[in-house]
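Asker: Structure provided below as structure tokens; questions to follow.
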Amino acid sequence: MISRSSGLSLYRQVADAIRQQIISGELPPGSLLPSEKYLAEEHDVGRDTIRDAMAHLRSEGLVESKRGYRSRVRSLQQRERVWLHPGEVVTARMPTPVEKKEHSMQEGVPVLVVGDRAYPADRYEFGPAENAG
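Sequence positions in the sequence shown follow the numbering used here and run 388 to 520.
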């Protein structure tokens, strides 16, 4: 329910509502989101508010959009396991433009960095090397 007196911007409230539908599975990976017009009517807000909410969800990596098409919940890719050796540390940051291009990364996806290697966070997971094999 969108509240005009909550102090939280309308687009954030709409983004929160859609995010909850994604997390709950009501909008599963790969599914199309309702049209901007439908979402605006459903939440009793303008289409600019819906566009801002979609931009926010894209920046989080939850949805993908293409001009002229409805937004879609991002599909989760199979993750590749990287084994960490004792002393190796994983840090997270947003990718450089070169890394985004090199890995064909979507907007809003961070990279996980081990040493001098960056891994797209939506494609890799890490575990201790003693569990490898």
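All residues carry an ideal CB built from backbone N, CA and C; glycine is no exception. For clarity, every value in this text was computed on a predicted model and none was experimentally measured.
1) Out of L420, R510, I410 and M388, which one is the CA nearest neighbour of K453?
2) Output the boundary residues of the alpha helix (DSSP H) element that contains P484.
3) Using 10 angstroms around the beta-carbon of P515, count the other beta-carbons present and answer buried if the total reaches 16, otherwise exposed.
4) Kindly indicate which residue of A508, E447, D403 and Q400 has the alpha-carbon position closest to the one of Q465.
5) Excluding the 5 residues preceding and the 5 following V450 in the sequence, name in chain order all residues of the same chain whose CB lies nearer than 7 Å to its CB.
6) Y398: buried (16+ other C-beta within 10 angstroms of its C-beta) or exposed?
7) Inspect the CB distances between the stretch 478-486 and the stretch 428-442 and report whether three or more fall short of 8 Å.
8) Flag this pair as yes or no: are the beta carbons of E475 and R510 separated by less than 8 Å?
9) For the ligand NAD, is there a heavy atom less than 7 Å away from the beta-carbon of P473?
10) Beta-carbon within less than 7 Å of S422's beta-carbon, same chain only, minus the 5 sequence neighbours each way: which residues are those?
11) Roughly how many whole angstroms lie between the Cα atoms of S396 and E429?
Answerer: The relevant details are as follows:
1) L420
2) P484 to E489
3) exposed
4) A508
5) L420, M441, L444, S458, R459, V460 and R461
6) buried
7) no
8) no
9) Among the ligands in the structure shown, none appear at all, so the ligand NAD cannot be discussed.
10) R457
11) 17 Å
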